[in-house]
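Using the working numbering, read the sequence shown as starting at 27 and increasing by one per residue.
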Amino acid sequence: MAITTSYSLKQVQRRLLKSKVMGCLREEDRKKASIEITHRLCSHPVWQDARVVTLYSSLPSEPDTSDTFRLAKASKKKVLFPKVVEKQLLFFEVEKKEDLEKNFMGIMEPKSSCIEVPSQEMDLILVPGVGFDRQGQRLGRGLGLYDRCLSTLPSKVCRIGLFFSFQEIHKIYTEPHDQRLDLIITEKELIRVVLRS
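Below you can see the structure in the form of structure tokens.
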């Protein structure tokens, strides 16, 4: 399939999923589902064995990651958050919620006082998205920030996507630069992806 066609189809999928999220997601449902997702994540051996974890500040349309941050700190993990710098993601250690501030897109990211940590140090990274399929493909917001980042990470870094179950679609149309996830966690199940390419 031509890249331009894949790109156009992804744009359509993205718009449909965004409108679906707006129509399906009540705050009480988001809270309940987020608790289940956090439980599944923090019960998994990959999380329990990880020393350096990369989280993200969730948007209202995404599973809430605030409890994940709290549990990571309680488990004495080093916690990193991404920051957009010149159209790429860099990672900084965050000790407390007050170390985060809103960026130009309204997303919470590390303040300039936080210390940058090389991505080679991380054991796992949580990846946001608009949708997913069972082959480990994710549909992001269209900026390519996470795909560029994931393509440079060591293979030891486990890539985990957090989603609501209704964000699943049968097949995400892909482009050559798209990166697969290793695990997908929803409030209903954990999906282990066998192959990463």
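Think of the CB as a built atom: it goes at the ideal place given N, C-alpha and C, for glycine as much as any other residue.
Starting from the C-beta of Leu176, find all residues in its chain whose C-beta is less than 8 angstroms away, skip the five residues before and the five after it, and write them out in chain order. Ile151, Val153, Arg185, Gln205
Write down every uninterrupted run of the alpha helix (DSSP H) in the segment 70-126 whose length is 4 residues or greater and which is fully enclosed by it, in chain order. 71-75, 92-100
Endpoints, the alpha helix (DSSP H) within which Cys184 is located: It is not in any alpha helix (DSSP H) - Cys184 instead sits in the beta strand (DSSP E) that spans 184-188.
Does the separation of the CB atoms of Ser145 and Phe117 fall below 9 angstroms? yes
Among Arg52, Lys123, Gln74, which residue has its Cα nearest to the Cα of Thr91? Lys123
Evaluate Ser226 with the Cβ neighbour count: other Cβ atoms within 10 Å of its Cβ, from every protein chain shown; 16 or more gives buried, anything less gives exposed. Nothing can be reported for residue 226, as the shown portion of the chain is limited to 27 through 223.
According to DSSP, simplified to helix, strand and coil, what is Glu213? coil
Given Lys57 as reference, the closest of Pro89, Glu112, Leu126, Val79 once Cα atoms are compared: Pro89
Keeping to the same chain, check which residues put their C-beta closer than 7 angstroms to that of Lys197; ignore five residues upstream and five downstream. Asp159
Give me the Cβ distance between Arg66 and Ile211, rounded to the nearest whole Å; I'm assuming they're in contact under 8 angstroms. 5 angstroms
Measure the alpha-carbon distance for Leu165 versus Gly155 and round it to whole angstroms. 6 angstroms
Can you tell me where the beta strand (DSSP E) holding Leu176 begins and where it ends? Counting along the chain, Leu176 falls outside any beta strand (DSSP E), though it belongs to the alpha helix (DSSP H) covering 171-176.
Give me the Cα-Cα distance between Glu215 and Thr64, rounded to the nearest whole angstrom. 12 angstroms
Sheet register partners of Ile151 (DSSP bridge): Thr80, Arg185
Shortest alpha-carbon distance to Tyr172 belongs to which of Ala59, Pro71, Glu194, Leu81? Leu81
Residue from Leu188, Lys128, Val111, Leu51 with nearest C-alpha to Arg218: Leu188
Cβ-based neighbour list, Arg174, same chain, cut-off 7 angstroms, excluding 5 preceding and 5 following: Gln114
Pop quiz: Ala98 and Phe190 are said to be a contact at Cβ under 8 angstroms. What is the actual Cβ separation, rounded to whole angstroms? The Cβ separation is near 21 angstroms, so there is no contact.
Smallest Cα separation from Val111: which of Thr94, Glu213, Lys137? Lys137
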